[in-house]
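Since the structure comes first, as structure tokens, the remarks are kept for the end.
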Amino acid sequence: MNDLWQAFFKAISLVVTLDDKLLEIVFLSLRLSLSAVGIALLIALPFGAVLALTKFPGRRILIVIINVFMGLPPVVVGLFVYLLLSRSGPFGVFGLLFTPSAMIIAQVILVVPIVTAITRQVLEELHHEYDELLRSLDVPWYRKVTALVWDARFSLSTAALAGFGRAISEVGAVMIVGGNIDHLTRVMTTAIALEARKGDLVMALALGLVLLAVALGINLFAYSITETVKRRHQ
Amino acid sequence: MIKYPSILPLKIESLNYEAGGKQLIKNISCEFNQGKRYLLLGPNGAGKTLLLRLCHGLLKPKSGKVMWSLDKDVKPKHHQAMVTQRPVMLRRSAYANIDYALSVRGVDKAQRPDMINAVIQRTGLTRVAHKLATVLSLGEQQRLAIARAWVLKPQVLFMDEPTASLDPPATHSIEELIHEISAEGTTVIMTCHDLGQAKRLATDVLFMFRGRIKEMSSADAFFTGPQNDLAQAFLDGQLIWWKRRPDKDDVQI
Amino acid sequence: MINRFVFRALSLASVLVLGGYGSTLYADETKSEITLASTTSTQNSGLFDYLLPLFKEQTGIEVHVVAVGTGAALKLARNGDADVLMVHHKTSEETFVSEGYGVERFDVMYNDFVLVGPDNDPSGVKETETIVDALGEIKAKQAIFLSRGDDSGTNKRELELWKANGDNPKTASGSWYRETGSGMGATLNTAVAMQGYTLSDRATWISYKNKQNMEILFEGDERLFNQYGVIVVNPEKFPHVKEEAAKIFVNWLLSEEGQSTIASYKVSGQQLFIPDAK
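Residue numbers (numbering that gives the first Met the number 0), protein chains in the order written: chain D, 0 to 233; chain L, 0 to 252; chain C, 0 to 277.
Structure below.
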């Protein structure tokens with residue numbers, strides 16, 4: 000219990016004193032995970048929409064595969080991206096290994112299945128609900144898609160948050176492809192792993208609490224936006 | 000009132016529809032003319048809703064034709080609207096629901112507010128105009144569905160049991176709206192189960208039974224003395240359900 | 000409206016951010032940054048946090064440390080994913096060079112391994128003469144022993160020490176001999192929790208903060224000598240290796256100044272590494 004309290008106070012003092020090093024890794028974590036989620040959305044929203052709204056051979060198999068990929072261990076993704084980006088790998092010439100870009104790529108791979116799966120689920124259900132009306136109004140397909148995405152935006156923002164949660168809390172993949180390099184690729188999770196390895200459990204836990212606080216902040220921010228928008232209608 | 004060339008009369012020719020290996024609409028032919036209020040009557044399973052959906056183009060017939068009076072510049076679908084028994088509400092405000100229908104039809108953004116406000120007022124939705132449509136009461140939702148259809152000034156309005164799940168005051172307000180819409184020249188084709196409502200609304204009645212039209216006549220003629228025995232039984236409240244008999248197409252009462 | 004704006008801003012920002020990283024990568028290929036594949040022991044001890052800022056101040060070269068086990072570090076370098084290698088398993092390092100992956104190997108510093116365990120010393124290793132005997136006692140008493148099990152330099156050394164007795168503890172893996180498959184710090188954490196013995200390098204042990212009732216129970220055997228070597232990855236094999244900057248770094252480590260800097264690094268008043276460049 001003593002260690003838990005110490006960690007708690009340490010976390011508070013880190014935040015209150017605006018520890019430079021802490022700020023650096025918090026900002027890097029946020030920058031990477033938000034970038035990864037942004038890119039993943041660009042891929043997963045259209046992909047999920049296609050899966051939800053069209054029928055083509057192999058669609059069911061694809062849905063099952065995506066659901067399986069949601070449970071993909073980050074370490075496996077890390078190794079996969081490592082082998083791709085390694086100097087000896089197919090994309091080695093770009094020299095991306097041990098850079099933030101490599102970490103974003105790994106996180107995008109982790110996030111896309113989650114966002115795709117939720118997007119598909121949400122849009123399919125909403126489409127089922129709207130279908131008759133949209134057909135009655137003779138709505139062209141592209142306006143159908145925009146209407147569905149727009150009206151599902153609150154559920155889709157949950158998908159984005161789920162993706163963000165996976166990205167920012169993940170350690171296995173970014174450790175491998177980022178290398179946990181100080182001032183370059185050290186993020187909150189790899190810093191926590193490092194402190195734990197050094198046996199500084201209090202510091203590790205304190206960083207964990209800061210991570211929790213950051214995630215809480217992001218979620219509160221998103222929640223307050225959706226609530227403000229929703230409240231306008233009540 | 001109607002600026003475009005009329006898409007009416009609507010001619011139905013030898014229409015057949017099948018689902019799950021069962022023939023549900025059997026060789027129907029009929030005609031709908033402008034300005035009338037058609038009531039489709041008949042017991043459950045007669046095929047009233049199917050016929051409505053086939054006419055509106057939501058279902059594809061197995062054979063036969065749904066023919067609008069075509070003009071090369073007019074898309075018939077854009078001059079029809081449909082209100083279903085359980086209204087489909089977009090997850091937006093009541094106002095935005097109506098706005099969406101107008102925007103899909105390509106109505107200029109500047110013109111929309113006046114049109115929307117007018118129809119909101121006429122359907123008595125002013126108080127809830129900016130509430131989320133999905134949280135409105137069922138009666139309000141149905142009025143909103145009608146407003147959303149009405150604002151498009153359709154030549155034909157299809158309604159599938161619009162008052163089936165409403166209480167008497169809500170039903171009354173919907174009936175008033177139907178009269179108003181009809182008074183503007185819109186042709187109404189609707190189904191219902193309530194004979195009282197049919198008498199109050201119909202100018203013409205189609206009596207359906209097991210996928211066929213058994214009688215089509217003016218409301219007066221139908222309610223005073225239907226030609227068809229089944230229709231008479233229906234009016235007398237005796238045709239409540241029917242039993243499928245594999246060897247015979249028609250059924251004994 | 001707000002959401003639409005946020006979505007757009009987010010996607011735009013993300014593209015810019017990723018693009019930004021891409022462009023900085025090509026900014027200065029030759030000098031400013033090198034990647035050093037090294038071991039967790041050097042990183043966890045804090046040595047690099049002490050050395051590298053000084054080095055950067057003098058040369059402007061930024062050293063990116065990727066700290067993994069010796070085995071993994073060698074593998075990274077074999078894939079061409081590092082410019083410089085600094086590990087502690089001499090025979091593996093020599094193979095690395097003889098196979099053409101490295102240019103030349105230099106001794107840079109040493110410390111030693113220590114056997115740590117709970118202070119009540121259930122196997123009585125304190126009384127033994129040699130490290131080989133100490134391990135023999137652990138085996139005889141079937142006391143819990145935590146092995147790295149990760150092909151690291153420490154792990155390789157540990158297995159060599161068992162072998163000197165003709166033992167193969169892996170046959171007991173899962174019972175009293177437990178392989179964590181983790182870094183030194185994580186293995187120490189496990190040893191603390193299980194009240195078991197483990198072999199650690201001295202630097203990691205001294206800077207390790209979760210010791211509780213654990214202490215050094217055996218040390219000083221010459222077989223526990225732990226030599227660190229440094230190697231520049233062969234630019235003939237991997238043309239992208241930043242040879243010039245890598246050489247500057249290695250030369251600095253081997254220089255009088257680098258060596259004295261290593262010697263001056265202390266944790267809790269104890270020197271962690273002893274420089275021994277020739």
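No residue lacks a Cβ here, since even glycine has one placed at the ideal position from N, Cα and C.
Chain-ordered chain C contacts of residue i [CB-CB under 8 Å]
{"i": "Ala195(D)", "result": "Gly184, Ala185, Asn188"}
{"i": "Asn179(D)", "result": "Val65, Ala66"}
{"i": "Phe97(D)", "result": "Thr34, His63, Val65, Asp80"}
{"i": "Gly70(D)", "result": "What Gly70(D) touches in chain C: nothing, since even the nearest Cβ is about 22 Å away."}
Spatial distance of residue i from residue j (CA atoms)
{"i": "Asn164(C)", "j": "Met85(C)", "result": "30 Å"}
{"i": "Leu15(C)", "j": "Gly177(D)", "result": "With a pLDDT of 46 at Leu15(C), under the threshold of 50, the modelled position of this residue cannot be trusted; read the value that follows with caution. Roughly 20 Å between the two C-alpha positions."}
{"i": "Pro42(L)", "j": "Met215(L)", "result": "15 Å"}
{"i": "Arg199(L)", "j": "Arg36(L)", "result": "11 Å"}
{"i": "Lys277(C)", "j": "Gly164(D)", "result": "51 Å"}
{"i": "Asp275(C)", "j": "Leu109(D)", "result": "46 Å"}
{"i": "Gly171(D)", "j": "Leu31(D)", "result": "15 Å"}
{"i": "Met0(C)", "j": "Thr145(D)", "result": "Since pLDDT at Met0(C) reaches only 42, below the 50 mark, its modelled position is unreliable, and no value is offered."}
{"i": "Trp140(D)", "j": "Lys76(L)", "result": "16 Å"}
{"i": "Glu28(C)", "j": "Lys241(C)", "result": "Legend: pLDDT at Glu28(C) = 45, less than 50; position of this residue unreliable, value from coordinates given subsequently. So the alpha carbons of these two residues sit roughly 7 Å apart."}
{"i": "Ile104(D)", "j": "Val76(D)", "result": "10 Å"}
{"i": "Phe220(D)", "j": "Glu226(D)", "result": "10 Å"}
{"i": "Leu95(D)", "j": "Ile113(D)", "result": "25 Å"}
{"i": "Ser223(D)", "j": "Asn96(L)", "result": "24 Å"}
{"i": "Lys247(L)", "j": "Thr190(L)", "result": "Note that Lys247(L) has pLDDT 48, beneath the 50 cutoff, so the model's placement of it is unreliable and the number below is only indicative. Between Lys247(L) and Thr190(L), the C-alpha separation is close to 27 Å."}
{"i": "Leu52(D)", "j": "Leu122(D)", "result": "8 Å"}
{"i": "Asn43(C)", "j": "Ile38(D)", "result": "34 Å"}
{"i": "Ala217(D)", "j": "Ile145(L)", "result": "Checking the sequence, you will find Ile at residue 217(D) rather than Ala. The alpha-carbon atoms of Ile217(D) and Ile145(L) are separated by roughly 42 Å."}
{"i": "Phe79(D)", "j": "Leu71(D)", "result": "11 Å"}
{"i": "Leu84(D)", "j": "Asp113(L)", "result": "59 Å"}
Simplified DSSP state of residue i, which is helix, strand or coil
{"i": "Pro112(L)", "result": "helix"}
{"i": "Asn154(C)", "result": "helix"}
{"i": "Ala169(L)", "result": "helix"}
{"i": "Ala133(C)", "result": "helix"}
{"i": "Gly117(C)", "result": "Residue 117(C) is actually Pro in this sequence, not Gly. Strand, per DSSP."}
{"i": "Pro225(L)", "result": "coil"}
{"i": "Met213(C)", "result": "strand"}
{"i": "Val173(D)", "result": "helix"}
{"i": "Tyr129(D)", "result": "helix"}
{"i": "Ser100(D)", "result": "helix"}
{"i": "Asp19(D)", "result": "helix"}
{"i": "Phe105(C)", "result": "strand"}
{"i": "Ile60(C)", "result": "coil"}
{"i": "Ile143(C)", "result": "coil"}
{"i": "Cys29(L)", "result": "strand"}
{"i": "Asp98(L)", "result": "helix"}
Contact list for residue i against chain L, beta-carbon separation under 8 Å
{"i": "Tyr129(D)", "result": "Val87, Leu89"}
{"i": "Ala146(D)", "result": "Leu89, Tyr99"}
C-beta contact flag for residue i and residue j at 8 Å
{"i": "Val115(C)", "j": "Glu214(C)", "result": "yes"}
{"i": "Leu14(L)", "j": "Ile27(L)", "result": "yes"}
{"i": "Asp200(C)", "j": "Thr260(C)", "result": "no"}
{"i": "Val148(D)", "j": "Ala48(D)", "result": "yes"}
{"i": "Val191(C)", "j": "Ala81(C)", "result": "no"}
{"i": "Gly228(C)", "j": "Arg147(C)", "result": "no"}
{"i": "Tyr207(C)", "j": "Leu187(C)", "result": "yes"}
{"i": "Ala159(D)", "j": "Leu40(D)", "result": "yes"}
{"i": "Val186(D)", "j": "Leu13(D)", "result": "no"}
{"i": "Ser135(D)", "j": "Ala201(L)", "result": "no"}
{"i": "Phe54(C)", "j": "Phe248(C)", "result": "yes"}
{"i": "Cys54(L)", "j": "Phe157(L)", "result": "yes"}
Partners in chain D for residue i, counting only beta-carbon separations shorter than 7 Å
{"i": "Thr83(L)", "result": "Glu131"}
{"i": "Leu57(L)", "result": "Glu131, Arg134, Ser135"}
{"i": "Asn280(C)", "result": "The requested residue 280(C) does not occur in the structure, where chain C is confined to residues 0 to 277."}
Proximal chain D residues relative to residue i, where beta-carbon distance stays under 8 Å
{"i": "Ser206(C)", "result": "Lys197"}
{"i": "Thr179(C)", "result": "Within chain D, no residue comes near Thr179(C); the closest Cβ sits about 11 Å away, beyond 8 Å."}
Contact set between residue i and chain C, taken where Cβ atoms lie within less than 7 Å
{"i": "Gly207(D)", "result": "Near Gly207(D) there are no residues of chain C at all, since even the closest Cβ is about 15 Å away, more than 7 Å."}
{"i": "Leu183(D)", "result": "His63"}
Contact list for residue i against chain L, beta-carbon separation under 7 Å
{"i": "Leu136(D)", "result": "Ala100, Val103"}
Beta-carbon neighbours of residue i, restricted to chain C and to distances below 9 Å
{"i": "Leu160(D)", "result": "What Leu160(D) touches in chain C: nothing, since even the nearest Cβ is about 12 Å away."}
* Taking only beta carbons into account, state which residues of the region 63–81 of chain L come closer than 9 Å to chain D, listed in chain order. => Listed in sequence order: Lys74, Lys76, His77, Gln79, Ala80, Met81.
* Compile a chain-ordered list of the residues in the region 237–259 of chain C whose CB is closer than 7 Å to at least one CB of chain D. => Listed by position, the residues of the region 237–259 of chain C near chain D (Cβ gap below 7 Å) are Phe237, His239.
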